[in-house]
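Our numbering numbers the first residue of the sequence shown as 301 and each following residue consecutively.
This report concerns only the one structure given below.
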Amino acid sequence: MLQRTAGGDRVPVGMTTVRDATFDFLRRRGMTTMFGNPGSTELPMLADFPDDFTYVLGLQETVAVGMADGYAQASGKPTIVNLHTAPGVGNGMGAIFNAQANKSPLLVTAGQQARSLMTLQANLTNRDAARMPHPLVKWSYEPPRAEDVPHALARATHLASLPPQGPVFVSIPMDDWGAEVDEGAVGHQTGRNVTGRAVADPEVVRDLAARLDAAENPMLVAGPDVDASGAWYTAIGLAERQRLPVWAIPAPGGGRIGFPEGHPNFIGILPPAIGPLSETVAGHDLVLVVGASVFSYYPNIPGPLLPDGASLVAITSDPDEAARAPMGDAIVADVALTLQALLDQAPESRRAAPEARPAPEPAPESDPISPSTAVATLGEVFPENGIVVVESPSATLALRNQLRLSRPGSYYFGAGGGLGFGLAASVGVQLAQPERPVVCVIGEGSAQYAIQAFWSAVAYDVPVTFLVLRNEEYAILKWFASMEDVEGAPGLDLPRLDVAGVASGYGVTAREVSDGELRDALAEAIASDRPELVEVRVAPGMALA
Ligand SMILES: Cc1ncc(C[n+]2csc(CCOP(=O)(O)OP(=O)(O)O)c2C)c(N)n1
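Below you can see the structure in the form of structure tokens.
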């Protein structure tokens, strides 16, 4: 006797299919929001899509992966994104690169030609599916048999979620979905819990607490994993108890901020090159780096790795980060648990509290306004619980200085540096955090790399506010050109790109405003329950504060 499964397959009564087992697994893991862009090879997976799942369509794979990245980071959950065989993965690769840098737990899946047609290389066969995204993912796999698909997806999800978190990839031939699985075996394979938050050796923590307390002038460098691991308030506790001045990791790197930037102990953002960074930390005898790599240097300005008299200790959950650092010691363990253990051991220090940095200065008046003024205006109306997703290269430093965000989970930036993260990720972040207003601050050049994200924001009623800073150039590249002594490079000007016009075409309520209208326009857009865009002309060049 035949029965129709939830997924629509006609199978013998009592039989469990690959699709049933897969959706059961995703449901159990809370992975019921799926991002993607489908093709013929993915349709068998999506057949009779279960009612308790949501499919979020991105019109280009950069958008699908970027939305999933934002969603995974802002929800703290592994997130599935389904792409269309080789060309879909190809389009998504830049965004997968960003997800890797963001340590975002993405389960990237792609359809594949039917197994019986792969050897003769029928159209759409990805001839080496597992090799394609290989350097960008923690694990890349095409299961040898249809019935191995649920187990492979479970294995991939565990790997994505274990520290350091990151994307994984599974290629799934299109005729696998109706195949039968052994119910007993698949129950074991997909029902497992795997946890990976490891505590540091207590002796090592005790030594570090003593070293920290004995230091004359220690400092803390807070990285993105302070936020991602849930160590935000513990980091504040440690900085206050030990009177530590706190720096953010070199700008613009780091997908998240690791310390409240309005806190009296917060000093600023480290410069990103070897020589200037070493000069900045001069005078400190112990540099404690938490939840970051040491360091993501760029551009190449040589110098000593550390100033004389300084030593460095890093706490990271990423063995590769620990191993590749060019200086200092490292402890590989969960950042939140280790910081808590360190806080428990660290005595109240008698050092003087660090001097609070001054409030941001208003930018000098100009016409058009400087990017600093634009982001300061955003700061005037930015809600307490707001979240900002940033891809506005020449205004990032100014935004950090003007907004001084102080709540956990308030800042997302594409740590890989590949443009296309901002617009897409802001939609994913807002879907994961519906109660918190999300503002995406984006350059008009950056907006072009994932422009179709506007459509997803409209289609799924995602009320992001997009603030487009239009300076009619690739300002950051002109700055790099001057750093690199490059003259006469073409392709750095963007005469009159009408982002508001394009966004309206996708259905976003969009307007271009003068500087005098900016404040009210932003306040209205943030309060609105629709996606809205505000575009403002800003002066060319870098804004540093
Ligand atoms: C995928 C990708 N392509 C190209 C670049 C190089 N790139 C870095 S910043 C930038 C310019 C961005 O322009 P815009 O958003 O207008 O910002 P502005 O520099 O003017 O602030 C470019 C092209 C990149 N980072 N990623």
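Where a beta carbon is used, it is the ideal one built from N, C-alpha and C, also for glycine.
Bear in mind that the values here come from a model prediction, so they are computed numbers and not experimental data.
Below 8 Å between beta carbons: does that hold for residue i and residue j?
i	j	result
Phe353	Val381	no
Leu767	Val813	no
Ser692	Leu586	no
Val449	Thr322	yes
Ala753	Met367	yes
Gly530	Ala636	yes
Asn565	Pro550	no
Pro660	Ala695	no
Ser596	Gly553	yes
Val318	Glu503	no
Pro840	Glu772	yes
Pro763	Pro831	yes
Ala698	Val675	yes
Ala633	Val499	yes
Ile567	Pro654	yes
Ala454	Phe325	yes
Mark residue i as exposed unless 16 or more other C-beta atoms lie within 10 angstroms of its C-beta, in which case mark it buried.
i	result
Gln421	exposed
Met783	exposed
Glu648	exposed
Tyr712	buried
Glu442	buried
Pro795	exposed
Thr419	exposed
His384	buried
Leu719	buried
According to DSSP, is residue i part of a helix, a strand, or is it coil?
i	result
Arg624	helix
Ile574	helix
Arg657	coil
Thr322	helix
Ile751	coil
Asp369	helix
Ala559	The sequence shown places Phe at residue 559, rather than the Ala named in the question. Coil at Phe559, not helix or strand.
Pro473	strand
Met334	strand
Glu812	strand
Met345	helix
Gly679	helix
Met519	strand
Pro779	The displayed chain sequence assigns Trp, not Pro, to residue 779. Correct three-state label for Trp779: helix.
Thr316	strand
Phe528	Checking the displayed sequence, the identity of residue 528 turns out to be Ala instead of Phe. Ala528: helix per DSSP, three-state reduction.
Ala630	strand
Ala839	coil
Asp352	coil
Going by Cα to Cα distance, which pick from the options is closest to residue i?
i	options	result
Leu705	Glu684, Asn402, Ala695, Ala582	Glu684
His434	Met474, Ala386, Thr425	Ala386
Asn493	Gly718, Gly411, Arg328	Arg328
Ser726	Asp829, Val363, Asp351, Leu699	Val363
Ser340	Gln413, Glu621, Val581, Ala724	Gln413
Val758	Ala724, Ala630, Leu777, Tyr749	Ala724
Gly603	His584, Pro572, Ala614	Pro572
Ser375	Trp439, Arg511, Gly330, Thr317	Gly330
Gln360	Met432, Glu342, Gly392, Leu818	Gly392
Leu818	Arg830, Ala803, Arg837	Arg837
Gly628	Ala636, Asp634, Gly609	Gly609
Ala479	Ser828, Thr316, Leu639, Gln748	Thr316
Ala732	Val365, Pro344, Tyr371	Tyr371
Val337	Glu621, Leu424, Val356, Pro344	One point to set straight first is that residue 337 is Asn, not Val, in the sequence displayed. It is Val356 whose Cα lies nearest to the Cα of Asn337.
Glu342	Pro473, Asp320, Ala452	Pro473
Ala781	Thr638, Met842, Tyr760, Ser828	Met842
Gln702	Pro344, Gln730, Asp829, Gly562	Gly562
Gly716	Leu678, Asn402, Gly388	Asn402
Which same chain residues end up closer than 7 Å to residue i when comparing Cβ atoms and leaving out the 5 residues on each side of it in sequence?
i	result
Leu642	Val505, Leu508, Ala509, Leu538
Gly722	Val689, Val690, Glu691, Gly714, Cys740, Ile742, Ser746
Thr457	Arg329, Pro378, Leu407
Arg651	Arg543
Asn517	Gly583, His584, Asp585
Does ligand 3 have a heavy atom nearer than 7 Å to the CB of residue i?
i	result
Gly718	Among the ligands in the structure shown, ligand 3 does not appear; only ligand 1 can be found there.
Excluding five sequence neighbours on each side, which residues of the same chain lie with their C-beta closer than 8 Å to the C-beta of residue i?
i	result
Glu437	At residue 437 the sequence reads Val, which differs from the Glu that was named. Correct list, in chain order: Ile396, Gln400, Val408, Gly466, Pro467, Val468, Phe469.
Asp513	Gln542, Ala646, Pro647, Ser649
Ile918	This structure cannot speak to residue 918, because the chain is shown only from 301 to 845.
Ser416	Asp475
Asn600	Ala573, Ile574
Taking 6 Å as the limit between beta carbons, can you name the residues of its chain near residue i, skipping five residues before and five after?
i	result
Tyr774	Gly745, Leu792
Pro463	Gly496, Ser617
Gln730	Val738, Val762, Val764
Ala430	Ser440, Tyr441, Glu442
Trp477	Val318, Arg319, Pro344, Met345
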